[in-house]
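In what follows, a single structure is set out as structure tokens and then discussed.
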Amino acid sequence: MSTPAAPRALHVLLVDDDVFLLELMVELLASIGVTSVQVAHSGLEGLASYRKSKPPPNVVVCDLCMPQIDGMEFLRQLAKERAQADIVIVSGHNRTPPNDPNWELATYDGPVLHLAEKMARLQGLRVRGTFEKPITRDKVLAMMQLVGHHHAAASTTNC
Numbered sequence: 068m069s070t071p072a073a074p075r076a077l078h079v080l081l082v083d084d085d086v087f088l089l090e091l092m093v094e095l096l097a098s099i100g101v102t103s104v105q106v107a108h109s110g111l112e113g114l115a116s117y118r119k120s121k122p123p124p125n126v127v128v129c130d131l132c133m134p135q136i137d138g139m140e141f142l143r144q145l146a147k148e149r150a151q152a153d154i155v156i157v158s159g160h161n162r163t164p165p166n167d168p169n170w171e172l173a174t175y176d177g178p179v180l181h182l183a184e185k186m187a188r189l190q191g192l193r194v195r196g197t198f199e200k201p202i203t204r205d206k207v208l209a210m211m212q213l214v215g216h217h218h219a220a221a222s223t224t225n226c
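My numbering numbers the first residue of the sequence shown as 68 and each following residue consecutively.
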């Protein structure tokens with residue numbers, strides 16, 4: 068009789084230019100038992116953090132609209148590196164693009180999260196889900212369930 072495998076330890080990389088959101092996500096992840104969390108405030112910082120992490124993060128949560136390089140370019144770079152992490156994409160601009168002509172998807176007329184997910188999958192990334200901002204505790208729980216982390220004390224409280 069074999070014993071069930073222990074749940075894998077999650078090492079999460081959060082990539083978003085919103086400092087408040089990063090702090091909230093770290094707190095929400097800690098509240099469900101995920102304590103190995105790195106934060107990056109831009110796509111460039113996220114790539115540097117991913118590259119220097121040993122072992123690399125096994126979960127990456129990234130925003131799409133960020134300075135320097137946006138989330139789409141960040142995901143392209145992860146794909147070039149053959150990243151094996153589970154990917155979760157978040158955005159507050161799923162239906163309405165930000166007022167930034169430099170953002171790659173600024174003129175796309177449709178659900179941006181769906182397009183980003185499709186493009187990332189076509190590049191070989193393991194996208195586990197997409198979520199619209201604002202981020203709530205329920206969304207964080209759903210994200211972690213998508214990547215195989217289950218927390219017994221799940222609650223429906225929004226943050």
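Cβ atoms here follow ideal geometry from the backbone N, Cα and C, with glycine treated the same way.
In the three-state scheme derived from DSSP, where H, G and I count as helix and E and B as strand, Ser98 is classed as helix.
Of all alpha-carbon atoms in Ser98, Gly100, Glu112, Ile99, the one lying nearest the alpha-carbon of Leu81 is that of Glu112. Pairwise C-beta distances place the region 87–100 out of contact with the region 116–127, as fewer than three of them are shorter than 8 Å. Taking C-beta atoms as the reference points, Ile154 and Val194 count as a pair closer than 8 Å. Distance between Arg204 and Ile136, taken at the CA atoms: about 28 Å. The beta carbon of Met133 sits closer than 6 Å to the beta carbons of Asp84, Ser109, Gly110 from its chain, once the five residues preceding and following it are set aside; these are given in chain order. Following the DSSP letters along the chain, one finds Gly196 inside the beta strand (DSSP E) bounded by residues 193–199. The Cβ-Cβ distance between Ala97 and Leu142 does not fall below 8 Å. Of the other Cβ atoms in all chains shown, fewer than 16 fall within 10 Å of the Cβ of Pro201; this residue is therefore exposed. With a 10 Å radius around the Cβ and a threshold of 16 neighbouring Cβ atoms, Gly191 comes out exposed.
In the displayed model, His181 falls within a helix according to three-state DSSP. If you draw a 10 Å sphere on the C-beta of Glu148, you find fewer than 16 other C-beta atoms in it, and that means exposed.
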